[in-house]
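**Q**
Protein chains: 2
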Amino acid sequence: MGGDHGVNSVIPGAHIAAKERSDLRFSFFGHEEQILPVLEKYPDLRDVSTIHHAPLKIDAADKPSQAVRKSKDTSMRLAIEAVSNGNAQGVVSGGNTGALMALSKMILKCLPGIDRPAIASVFPAIHGKTTVLDLGANLECDVPMLIQFAMLGSIYSRLVLGHSRPTVGLLNVGSEEQKGHEELRQAGAILSQLNFSGAYKGFVEGDDLTNGEVDVVVTDGFTGNVALKTAEGVGKLSKFYLKETFKTSFMAKLGALFALGALRKMQKALDPRLYNGGMFLGLNGICVKSHGGMDEIGFANAICYAYDLVKSDFNKKVTEQMAALDMASLVNGVKNTDNKNDAA
Amino acid sequence: MGGDHGVNSVIPGAHIAAKERSDLRFSFFGHEEQILPVLEKYPDLRDVSTIHHAPLKIDAADKPSQAVRKSKDTSMRLAIEAVSNGNAQGVVSGGNTGALMALSKMILKCLPGIDRPAIASVFPAIHGKTTVLDLGANLECDVPMLIQFAMLGSIYSRLVLGHSRPTVGLLNVGSEEQKGHEELRQAGAILSQLNFSGAYKGFVEGDDLTNGEVDVVVTDGFTGNVALKTAEGVGKLSKFYLKETFKTSFMAKLGALFALGALRKMQKALDPRLYNGGMFLGLNGICVKSHGGMDEIGFANAICYAYDLVKSDFNKKVTEQMAALDMASLVNGVKNTDNKNDAA
């Protein structure tokens, strides 16, 4: 029921995803009367789907705390519960992000050793692809959370993007060791001593999100969310300038005509729909958030993303890696060292 | 002496700026033996310039606190002192940002009513231009600072960019009132009641930096710095994709040939050198930081930017507007209201 287009992007999106991942099976949670007529347009999809009627839904404007209180019999809650009781291996939603986070955390719980989940996604970069987290689940992050996110991000980069030993950076305002908030300096000091699935490379800056300097960038949810939306905004601005450029003269219009195929390819490479889907990394269950405004192509990508996480046995591997570390003693060990707050 | 290219970008940059603003006069602070041979290549510039020999310089790697301690007889310190003793109306530097901030704050002091200066700059947007501050001077900002920055930014937008009543937004992770940090919610509550030179429009998000939704965006220096560098990174990524696109086929290369003039115009519109120069807004004196890596065109822009601020009598107007407000009572008045911390 979630997202701006509800069943009209979710069901056609599932249809596209089913063609790309042939062993996908679907459970649709929502109002049967809305789901059925759309689903019947896709007989192949109908054959691998079940409908679970949910009389209620969570509104996009609901506060997370409100949403949790009145979540009984909502499509979102029933879908998450399907994961917790084993009837589904992952859940994808285009609905209220805060509510999805709160409900999935309450119902699925966090993986052992993880305090809070983070929203992770992949940025296109000049060299390769960059995994970035947290993109908005936790506005403030303490030292253990930043370290947990570095571990989660590096495991993600390895399992999903195939980087054998991913490089990890902490997002800061400069690369020198004395830069930034105290939490960042402490987390950096611990990560540089830690033997984990990634290779810690120190502090990185905003342009490192898209230049491929590191494979994983870790930040708090406030900064990550602003960076994500800033990147989207500059992408739109570039597209606008390009469109205007090809309107300026007859010669430019002629040039655009010749280069049309190549320009379309470029537009596809930068298409935000192909990067749609933010995972709640660290949850004991696969839960992927689709951008609410996405059409069927974007939604299909979010579904494939959830599928790939299930197939890679992601959460089991995270659990194994976390169990091998004694996080508390590590953090306490470093906390007792240099606490100097020389920020600039 | 500052920046990656020292006198080789500063002096040619001054030469370009002198042609654009005909009544500019220059004082160059640095090593005379380095300045003189370059300056003599530009006789017109030589006629309107004086050289002030400074035997020492602050290094790019110096910490601000170190830099201040050993600042005697450095080119940066002497240049800032020229402003404080009235021998210059503004200072431009491509040197160590933290040192420039610390020294200029120590020597020039803040304007009445301003606690700390902010680095401000202008982002290109789909509609118009957006003034953004703080871009890195203050990693953490309290409520009075955010309000002061909103006032400084709106005065800047009016005087320099000609917006008669600039719209102002606070950068956050969502536009709803309950979003974000406590400081942001308090500052928003105060700004919505405040009669100042801008019109407060509420919370804005990362993409509003470049879509023209508001004329001024206020944020803390950590978030602002990450957003600025993220935007620069995505700009580079777009340029990279475009270049690759026109290499993909013979037809695309032909198209690029036809559209060459228009593409060059686009590149110019997005040229970071034309947006070079961040002002320390709120200082009792005009001090502009040029990006260290800039060539002469970038440096010329930073000089013209400083010139325009001097000509608009910027600091006098800020002082008048700040004097008209009783900041302390305003902040205290709102602090006693709702402090609920419902973040998501």
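Protein sequence lines, in the order shown, are assigned to chains R and B. Position one of the first sequence corresponds to residue 469 (my numbering), numbered consecutively onward. Position one of the second sequence corresponds to residue 469 (my numbering), numbered consecutively onward. Ideal Cβ placement from N, Cα and C applies to all residues, glycine included. These numbers were taken from a predicted model, which means no experiment stands behind them.
1. Return the residue from the list B/A588, B/I658 and B/A695 that minimises the CA-CA distance to R/N859.
2. For R/A667, which three-state DSSP category applies?
3. Whose C-beta lies closer than 7 Å to the C-beta of B/N769 among residues of the same chain, with five residues either side of it excluded?
4. Any C-beta of chain B sitting closer than 8 Å to the C-beta of R/G471?
5. Can you round the beta-carbon distance between R/A720 and B/A730 to whole angstroms, since I take them to be within the 8 Å contact cut?
6. Kindly indicate the opening and closing residues of the alpha helix (DSSP H) around B/H520.
7. Decide if B/D688 is buried, meaning its Cβ has at least 16 other Cβ atoms within 10 Å, or exposed.
8. Does DSSP put R/A588 in a helix, a strand or coil?
9. With respect to the alpha helix (DSSP H) encompassing R/I623, which residues constitute its N-terminal and C-terminal limits?
10. Are the beta-carbon atoms of R/I594 and R/T678 separated by less than 8 Å?
11. Over the uninterrupted beta strand (DSSP E) stretch that includes R/S561, give me the two end residues.
12. Considering only DSSP beta bridges, list what R/V756 is partnered with.
13. Name the residues in the segment 665 to 696 of chain R whose C-beta lies less than 8 Å from a C-beta of chain B; which are they?
14. If you scan the segment 671 to 753 of chain B from start to end, which runs of the beta strand (DSSP E) of 3 or more residues do you find wholly inside it?
15. Which chain R residues sit within Cβ distance under 7 Å of B/V702?
16. Using only the alpha-carbon positions, how far apart do R/N804 and B/E608 sit?
17. In chain B, what lies closer than 8 Å to R/L725 by C-beta?
18. Quick one: Cα of R/S539 to Cα of R/S533, how far?
19. Nearest to R/T598 by alpha carbon, out of R/F690, R/H520, R/R626 and R/Q789?
20. Could you tell me if R/K525 is buried or exposed, where buried requires 16 or more neighbouring beta carbons within 10 angstroms of its beta carbon?
21. Report the three-state DSSP secondary structure of B/L607 (helix, strand or coil).
22. Of all Cβ atoms in chain A, is any one closer than 8 Å to the Cβ of R/S643?
23. Mind pulling the chain R residues with CB within less than 8 Å of B/F708?
24. DSSP puts B/V481 in a beta bridge; with which residues?
25. Select from R/F617, R/G563 and R/M613 the residue whose C-alpha is nearest the C-alpha of R/A588.
26. Look up B/S495 in the DSSP assignment and give the residues it is bridged to.
27. Please list, in chain order, the chain R residues whose beta carbon lies closer than 9 Å to that of B/H649.
28. So with CB distances below 7 Å, who are the chain B contacts of R/S758?
29. Is B/M719 close to chain R, meaning its C-beta is less than 8 Å from at least one C-beta of that chain?
30. Grab the span of the beta strand (DSSP E) containing B/L504 for me, first residue to last.
31. Pairing CB atoms from the segment 629 to 638 of chain B with CB atoms from the segment 773 to 789 of chain B, are three or more of them under 8 Å?
32. In angstroms with no decimal places, state the Cα-to-Cα distance between B/K736 and R/T518.
33. Determine, for B/D806, whether the minimum Cβ-Cβ distance to residues of chain R falls below 8 Å.
34. Looking at the strands, I want to know which residues DSSP matches up with B/C578.
35. Quick check: what's the CA-CA separation for B/H649 versus R/P511?
**A** Inspection of the coordinates gives the following:
1. The question about residue 859 of chain R has no answer here: the residues shown for chain R are numbered 469 through 812.
2. strand
3. R741, L742, N744 and G745
4. no
5. 4 Å
6. Element bounds for B/H520: not the alpha helix (DSSP H) but the beta strand (DSSP E), S517 to H521.
7. buried
8. strand
9. V611 to L629
10. yes
11. G558 to S561
12. R/V560 and R/M747
13. E673, G674, D675, D676, L677, T678, N679, T687, G689, F690, T691, N693, V694, A695 and L696
14. 684 to 686 and 746 to 749
15. T678, A699, V702 and G703
16. Because the pLDDT of R/N804 is 48, which lies under 50, any placement of that residue in the model is unreliable, and the number read from its coordinates should be weighed accordingly. Looking at the two C-alpha atoms, the distance is approximately 24 Å.
17. G723
18. 10 Å
19. R/R626
20. buried
21. coil
22. Looking for chain A here will not work: the only protein chains present are R and B.
23. I594
24. The question names Val, yet the displayed sequence has Gly at residue 481 of chain B. BP columns for B/G481 are empty, so no partner.
25. R/F617
26. B/T518
27. L607, E608 and F690
28. Chain B residues near R/S758: none, gap ~17 Å exceeds 7 Å.
29. yes
30. Careful: B/L504 lies outside any beta strand (DSSP E), inside the alpha helix (DSSP H) at E500 to L507.
31. no
32. 55 Å
33. Residue placement at B/D806 is poorly supported in this model, since its pLDDT is 43, which falls under 50; the coordinates still yield a value, given next. Chain R contact via Cβ: absent.
34. B/L751
35. 48 Å
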